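Trainee:
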Amino acid sequence: MSKNWPLWEVFIRAKNGLSHRHAGSVHAADPRMALEAARDTYTRRMEGVSLWVVPSASIVASDPGDSGELFEPAADKIYRHPTFYSIPENVKNI
Amino acid sequence: MYTTELRDKSQKQAAPITAPEDPARLAAFEARVAADDFIEPKDWMPAAYRKTLVRQISQHAHSEIVGMLPEGNWITRAPSLRRKAVLLAKVQDEGGHGLYLYAAAETLGTSREEMIEALHSGRAKYSTIFNYPTLTWADIGAIGWLVDGAAIMNQVPLQRTSYGPYARAMVRVCKEESFHQRQGYEIMMVLAAGTAPQKRMAQDALNRWWWPSIMMFGPPDENSPNTAQSIRWRIKRETNDELRQKFIDVTVPQAEAIGLAIPDPDLKWNEARDSYDYGAVDWEEFYAVVRGEGPVAKERMQARVKAWEDGAWVREAATAHAAKRETREAAE
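The listed protein sequences derive, respectively, from chains G and V. Residue numbering for the first sequence follows the numbering used here, beginning at 1 and increasing consecutively. Residue numbering for the second sequence follows the numbering used here, beginning at 95 and increasing consecutively.
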C-alpha cells in the first residue's frame, strides 16, 4: 500500500426470502471495516436485512470473449423449453 | 449533485479522438450501443469511450464530494433540529453518491488514489456550481431546489447511459436525490411565506443561484464539440441545451408558486415553442469558473486537501491494524 485499501464487493439481501444481490463496492482495510462501510454506503434507507462483503480479488469472472461458447449453445436447444411441445387444446393441466 | 463534462479550452484542443481501433471490434461496439445494449466492465470498448467515461464519471464523483462542503458548513447553523437532521442526511447522501461513482469509474481501470490525486492537484474538474459561496440559510434552500433540481434533470437520462456500472450508480443516486430537491424547495417556501426580511433572503438567494444553476448544464451545444460523439455512444442521452430548457420550463412555475421572481428580465413564455425564452447566459463567467477562478475555488480545494491530510493517520492506523490482525490469525 500501504495507501491502497483492497476493494470489496457488496451484496445485500433486501428481505428474508430473497437472495443477496450485488449492490456495489467499497474500499476497506479489513472485513469488519468493509461491512461497516457497506452499511453506511449502501443501506441508508432500509435497503436490506443482511450484507455480504467479498474481496473483489476473490471473484472469478467469465470472459465476455468466451460468451459464445459458454452461452450460445443453449440457443439451439429450444426443446428445453415447454413451448417447444405442441399439445392439443382440449388437453388440460399440462 | 452533478457535473457535465468540463474542460477548459486548452484541454479541448488537446483531445483528438483518432486512436486507431480494430475496425471490426469498433463496428460491433457501435452496433451494440446503437441498439441500447449496456457495456460492462470486461467488454471491449474503444479507448476514447473509456477515456471519456473516466473523465465524466470521476468529475461527477468529485462534484458530489466537493458538493458536501458548501452545505456541510451550514449543518451546525441550521435553524432547527429537524433542519439539522435533514441537512446532515443530505450531506451524507452526497458522500455516498461520490463513493458509488468512484467505484463505477474504478471498473474502467483507474484507481481511487489516482482520481483523488487528480482532484487535489487541480487537474480534475468538478461542477462549477460549488465554487460559489453559501452566504445565508436561504442558500441551502436554493441549492437543494435549483442545484439538486438541475442535477436530477441531468441524471435521470443518465440512468440509461450505455456504461452499465455508471447507469446503475445513477439509478441509486436518482432514487435518493428527490428528497434533496424537495427539502430545498420547502426551505424556500417557508422563507418566502415568512417575514419581509426572510422573503428578501429567499429572493436574494434565488438571484445569486439562478444563473450558476443554468450554467450547470454546461456550454451551449454549438460549443460542446464532443456532445455528438457522446450522444452517439449513448454516454449522454440529451444535449446541454435540451436539458437546460427542460429545467427552466419546470422551475419557473415553482418560483411563481411561492411568490419569488426569476432574475431574468428576458424570461418570457413562448406559445409557439411551448417553452420559456430566456436571456443570454454569461458564458465568460462560466469559463472563468471552469478555469478555477470561482469566488471560493481556492477555499474548497484547501478544505478538501486538509480533510484528506488530516485523515491520513486514520488510514494508516486502519492499514496497520489489518496487517497486525492478519499476522496474528496466520500464527494461530
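Note that CB positions come from ideal geometry on N, CA and C, so glycine has one too. Remember, it's a predicted structure, so these values are computed and weren't measured experimentally.
Distance cutoff 8 Å, beta carbons only. Does S272/V sit that close to anything in chain G?
Mentor: Taking the second sequence and counting its residues from 1, one reaches residue 272/V at position 178. No, S272/V does not count as interfacial toward chain G.
Trainee: So the alpha helix (DSSP H) Y381/V belongs to, where does it begin and stop?
Mentor: One-based indexing of the second sequence puts residue 381/V at position 287. Note, Y381/V: alpha helix (DSSP H), 377–382.
Trainee: Any heavy atom of the ligand ADP closer than 7 Å to the CB of E365/V?
Mentor: This structure does not include the ligand ADP; it has no bound ligands of any sort.
Trainee: Using 8 Å as the limit for Cβ to Cβ distance, is G258/V near chain G?
Mentor: Walking along the second sequence from the start, residue 258/V turns up at place 164. Put simply, the CB of G258/V is far from chain G, with every gap to its CB atoms at 8 Å or more.
Trainee: Flag this pair as touching only if the stretch 262–273 of chain V and the stretch 330–345 of chain V have three or more C-beta atom pairs under 8 Å; answer yes or no.
Mentor: No contact exists between the stretch 262–273 of chain V and the stretch 330–345 of chain V.
Trainee: For A74/G, which three-state DSSP category applies?
Mentor: Walking along the first sequence from the start, residue 74/G turns up at place 74. In the structure shown, A74/G sits in a helix (DSSP, three-state: H, G or I).
Trainee: Does the beta carbon of A74/G come closer than 8 Å to any beta carbon on chain V?
Mentor: In the first sequence, counting from the first residue as 1, residue 74/G sits at position 74. Not an interface residue.
Trainee: Under the rule that 16 or more other beta-carbon atoms within 10 Å means buried, what is W304/V, buried or exposed?
Mentor: What you label residue 304/V is simply residue 210 of the second sequence in a count that begins at 1. Flag for W304/V reads buried.
Trainee: Does any residue of chain G have a CB that is nearer than 8 Å to the CB of K136/V?
Mentor: Along the second sequence, read from residue 1 onward, the residue named residue 136/V stands at position 42. It does; some Cβ of chain G falls within 8 Å.
Trainee: Is S62/G helix, strand or coil when you go by DSSP?
Mentor: Looking up residue 62/G in the first sequence gives position 62. Three-state DSSP puts S62/G in coil, outside helix and strand.
Trainee: Which residue comes first and which comes last in the beta strand (DSSP E) that contains I12/G?
Mentor: The residue labelled residue 12/G in the question sits at position 12 within the first sequence. Its beta strand (DSSP E) spans residues 7–13.
Trainee: Taking 7 Å as the limit between beta carbons, can you name the residues of its chain near A199/V, skipping five residues before and five after?
Mentor: For this step, residue 199/V is matched to residue 105 along the second sequence. These residues qualify, in order along the chain: V148, I151, S152, A155, M209.
Trainee: I want to see whether chain G comes within less than 8 Å of R171/V, judged by CB atoms only; does it?
Mentor: Residue mapping note: residue 171/V aligns to position 77 of the second sequence, counting from 1. No, because no Cβ of chain G sits closer than 8 Å to the Cβ of R171/V.
Trainee: Does the structure place the stretch 291–304 of chain V close enough to the stretch 347–367 of chain V that three or more beta carbon pairs sit under 8 Å?
Mentor: Touching, yes, given that three or more Cβ pairs across the two stretches are closer than 8 Å.
Trainee: Comparing C-alpha positions only, which one of V267/V, L240/V, D404/V, R326/V sits nearest to E158/V?
Mentor: For the purposes of this step, residue 158/V is identified with residue 64 of the second sequence, where counting begins at 1. Answer by Cα proximity: V267/V.
Trainee: Taking the alpha helix (DSSP H) that S152/V belongs to, which residues open and close that run?
Mentor: Counting from 1 along the second sequence, the entry for residue 152/V is found at position 58. 141–160 is the span of the alpha helix (DSSP H), which, as asked, contains S152/V.
Trainee: Where F380/V and I223/V are concerned, what is the direct C-alpha to C-alpha distance, given to the nearest angstrom?
Mentor: Counted from its first residue, the second sequence places residue 380/V at position 286. Counted from its first residue, the second sequence places residue 223/V at position 129. So the two alpha carbons sit approximately 9 Å from each other.
Trainee: Do you know offhand how far A424/V's Cα is from D30/G's?
Mentor: The sequence position of residue 424/V within the second sequence is 330, counting from 1. The sequence position of residue 30/G within the first sequence is 30, counting from 1. Each residue's Cα considered, the two are about 15 Å apart.
Trainee: Between W8/G and chain V, is the shortest Cβ-Cβ distance under 8 Å, so that the two count as touching?
Mentor: Taking the first residue of the first sequence as 1, we reach residue 8/G at position 8. It does not: the Cβ of W8/G has no partner Cβ on chain V nearer than 8 Å.
Trainee: At a CB-CB cut-off below 8 Å, which residues of chain G make contact with H214/V?
Mentor: Translated into the one-based positions of the second sequence, residue 214/V becomes position 120. Within 8 Å Cβ-Cβ: nothing; H214/V doesn't reach chain G, min ~13 Å.
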